[in-house]
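Chemist: Numbering (this note's numbering), first residue to last: 1078 to 1274.
Glycine residues also receive a C-beta, built at the ideal position from the N, C-alpha and C atoms.
Attaching a single structure in structure tokens format; questions to follow.
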């Protein structure tokens, strides 16, 4: 696993933005590559003045969106039976798909937004959205809005941690929970202020 991770880091070091976009596309297409690894290292490269924060953000978001669209289309056209049958060849665990399905069944389209900031679920939520064939523009909008804070946070933490960026691999799950809690609080505050007005 460490050798595989190092090969991803070498790929990003050589190909920069293109590699970030491609690996994020694969991650969001349900291939198990930790986004903390990709974006955390991208943050380190920003820290080392090898790439820009804006460039890393754009590459991460473009790749994430393309991968999410691909997974949505697989879910929409292939269905659950197709994923159950062939997912194992792409290291897709049925338990992960089941988890994303439970989130989607419980929260519907809203799950597409919030799950983008949660461990495991963020990678697989596109599949149940595709199974249900939800409205594609709404899916894309919520995917973008949910992915934006997560992408920005992990890159920023990579910059902040600098040479110790690999600590994100250990604490990335906790960081995602912090983001979700912060967003929920912000939504509640906004709703309360709106009612007062």
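(1) With 16 other CB atoms within 10 Å as the buried threshold, where does residue 1185 fall?
(2) Determine the direct distance from the alpha carbon of residue 1099 to that of residue 1167, and round the result to whole angstroms.
(3) Nearest CA to the CA of residue 1224: which residue from 1143, 1172, 1210 and 1235?
(4) Secondary structure at residue 1177, three-state DSSP: helix, strand or coil?
(5) Answer yes or no: do residue 1116 and residue 1232 have a C-beta to C-beta separation smaller than 8 Å?
(6) When you compare only the Cα positions, how much space is there between residue 1196 and residue 1270?
(7) When you compare only the Cα positions, how much space is there between residue 1229 and residue 1080?
(8) How many angstroms separate the CA atom of residue 1157 from the CA atom of residue 1147?
(9) Looking only at its own chain, which residues have a Cβ that is under 7 Å from the Cβ of residue 1149, when we skip the five neighbours before and after it?
(10) Alpha carbon to alpha carbon, how far is residue 1222 from residue 1189?
(11) Just list the alpha helix (DSSP H) runs in the region 1140–1226, keeping only unbroken ones of 4 residues or longer that don't cross its boundaries, in chain order.
(12) Give the single residue among 1108, 1094, 1097 and 1083 whose Cα lies nearest to the Cα of residue 1199.
(13) Mind checking whether residue 1201 and residue 1177 have CB atoms under 8 Å apart?
(14) Only counting the same chain, and skipping five residues up and downstream in sequence, which positions put a Cβ closer than 6 Å to that of residue 1136?
(15) Could you pull the start and end residues of the alpha helix (DSSP H) that residue 1097 belongs to?
(16) Considering just the uninterrupted stretch of the alpha helix (DSSP H) at residue 1120, what are its terminal residues?
(17) On a CA-only basis, which of 1086, 1138, 1102 and 1106 is nearest residue 1118? Give me that one, please.
(18) Give the DSSP-derived three-state secondary structure of residue 1128 in the structure shown.
(19) Which of the three DSSP states is assigned to residue 1135 in this structure?
(20) Rounding to the nearest angstrom, what Cα-Cα distance links residue 1238 and residue 1122 in this structure?
Modeler: This is what the structure gives:
(1) exposed
(2) 16 Å
(3) 1143
(4) helix
(5) yes
(6) 31 Å
(7) 27 Å
(8) 15 Å
(9) 1203, 1206, 1207 and 1216
(10) 10 Å
(11) 1171–1184, 1187–1191, 1198–1201 and 1203–1208
(12) 1108
(13) yes
(14) 1094, 1097 and 1098
(15) 1079–1105
(16) 1112–1124
(17) 1086
(18) coil
(19) helix
(20) 11 Å
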